[in-house]
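So the protein lines, in turn, are chains S and Y.
Each residue of the first sequence is one higher than the last, beginning at 51 in our numbering.
Each residue of the second sequence is one higher than the last, beginning at 424 in our numbering.
In this text, a Cβ means the ideal position worked out from N, Cα and C, and glycines have one as well.
Keep in mind it's a predicted model, so treat the numbers as computed, not measured.
Everything on this sheet refers to the single structure shown next.
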Amino acid sequence: MHPDDAHLMRRIQAGEFSWFEVLVERYRPALVRVALGMLNDGALAEDAVQETFLAVFASRHTFNPAFHFRTWLWTILLNLCRAQLKRRGRRPQVVSRSTLNPSERASIAEASTSETALASLLIRERSAQLQSLLNELPDTQADAIRLRFFAGLKYEEIAQAMGVTLGGAKLRVRSGLSRLSERLLGDEEKSNEL
Amino acid sequence: MNCDDVFDALTDPQWADAAELAEHLAKCPRCRELKQVLEPALSLLCGDLPAEPAMRAALPHEEQTSDDAVLSKRPFLSVEAIGVAEAAAARLASQSAPSRSSRVIRLPGHRVSGRAVQGVLCAAFGGLAVFCIALWDGKSEVTPQPLLVPTVKPAGVCTRNAVRQKTTQPRENARAVILSCVACHLQEHQPRVGPLRTSLFRFPRRGADRSLFAWNQTEVAKAHGPIPEVNCLPADRRLRYGNA
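Written out as structure tokens, the structure is:
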């Protein structure tokens, strides 16, 4: 069992840099998932996460145990992803298997059995649908939902990361969820009509 | 569990106490409705998602190599990223720091806010200062300061100034001043001819004014002699004293 984030950061600040690896292992998967959802580009998402960790390490002296490490980490990632989107000057486009051409699709490794392949496909489709819907939301609502559901932050931490009040953070999540639900119900009705 | 906790629980995929949530939902129709509205989005968000997307591995080989070529030219860490990290740390630290207004002073068995203590101290020092000044003022031989309220204004400006000041009968004097103002400024009311009503409140206000007007002329004339003509109103609007 590794110590908590603040303790690890204190050790890193003291020069025990090997502990930084623990933090990377702890947060990297969730960070990559959120970054990919925002940028919709695997390479850019990995870059953003890598840069986030490097920025944390480079400015480790500014970490203060008064705030949560993960709030800081997620704030950096969100800001870097937003900056990346701004540089690209457009909303991310959804990339899924269906958007790839046949040769690209063939090069993607399939799962070994049909059952796992189906499950994997469903999960990927579901993920693509979710990212697509999140990208249609206002940035603030989409980010709040990502921080809540993908990063697992508490509402107090979301409020700190986004620089809003606790009520504001909850409102963003709630409004985003309401819009998502409306959209999903609308899609379902359309498919039923067809 | 209250309704605010329910929203936290609904949006927390790892909420431990599902029984408590179910119990609250069974009792609260508002929260049931909220759950129903958010259910489609929650089921999508709380479902299985790929642990770490392998988008990079999924891309065609040629595209990967070209990406690598581009990426190798980019710096690993930009100055902008460090700036973002430091700015975020500064902001979070300022948000997390306890505010000065909520400072609490701990006394044995009590909790008193710092602002309340400041207020009490200010009031005590203020009171002490006032007491000292009053004490010093009483003992000093400084000549008394003039009154803030001015005394009688020069006569001839208005009726009230023309009325003779009777310091021995201040009450009567005040009434004379009021009556003289009424006489001057209620000229649109015609003087009432006839017996005086005993109570003004039995009649509409306009009638009451008339009664007051008629009464005031005789009262003022009796008490203070003839009222001089005044110049606080234009000549065409000035009241002609005497009989109507």
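Counting the other Cβ atoms within 10 Å of the Cβ of D55/S gives 16 or more, which makes it buried. Straight-line spacing of the CA atoms in L448/Y and K220/S works out to 19 Å. Under the criterion of beta carbons closer than 8 Å, A512/Y and S109/S qualify as touching, at roughly 7 Å. For R455/Y, there are no neighbours in chain S by C-beta distance under 9 Å, as the nearest C-beta there is about 15 Å away. The C-alpha of L94/S is placed about 27 Å away from the C-alpha of A167/S. Distance from the Cα of T112/S is smallest, within the candidate group E462/Y, A557/Y, A510/Y, for A510/Y. Spatial neighbours of E443/Y in its own chain (CB-CB distance under 7 Å, excluding positions within 5 residues in sequence) are listed in chain order as M424. Using a 10 angstroms sphere on the CB of F548/Y, the tally of other CB atoms stays under 16, which defines it as exposed. I505/Y belongs to the set of residues whose beta carbon lies under 8 Å from a beta carbon in chain S. Taking a contact to require three or more Cβ pairs closer than 8 Å, the segment 217-233 of chain S and the segment 178-195 of chain S qualify as touching.
Under the three-state reduction of DSSP output, F548/Y falls in the helix class. Note that the C-beta distance between L73/S and L58/S is below 8 Å. Taking the Cα positions, R61/S is about 52 Å away from E238/S. Going by beta carbons, V99/S and L128/S fall outside the 8 Å limit. Legend: CB atoms of the segment 173-186 of chain S lying less than 7 Å from CB atoms of chain Y belong to residues I173, R174, R176, S177, L180. When Cβ-Cβ separations below 8 Å define contact, F117/S makes contact with chain Y. Considering only I505/Y, P436/Y, P463/Y, A504/Y, the residue with the shortest C-alpha distance to E232/S is P463/Y. Residue-level contact check: F199/S touches chain Y, since one or more beta carbons of chain Y fall below 8 Å from its beta carbon.
With respect to chain S, the C-beta atom of E446/Y has no partner C-beta closer than 8 Å.
By the Cβ neighbour-count rule, G92/S is buried, with 16 or more other Cβ atoms within 10 Å of its own. Between I173/S and D428/Y, the alpha-carbon positions lie close to 30 Å from each other.
Neighbours of A432/Y in chain S, taken as residues whose beta carbon is under 9 Å from its own, are absent, since the nearest beta carbon is some 12 Å off. The contact set of V460/Y on chain S, defined by CB atoms closer than 7 Å, consists of S228, S231 in chain order. Within chain Y, the C-beta atoms nearer than 7 Å to that of L235/S come from P463, in chain order.
By the rule that beta-carbons nearer than 8 Å mark a contact, A508/Y touches chain S.
Under the three-state reduction of DSSP output, E66/S falls in the coil class, being neither helix nor strand. For the 8 Å CB-CB criterion, L203/S and W124/S form a contact.
Using a Cβ distance threshold of 8 Å, L135/S and L187/S do not count as a contacting pair.
In the DSSP annotation of this structure, D54/S is not part of any alpha helix (DSSP H), being labelled neither H nor E.
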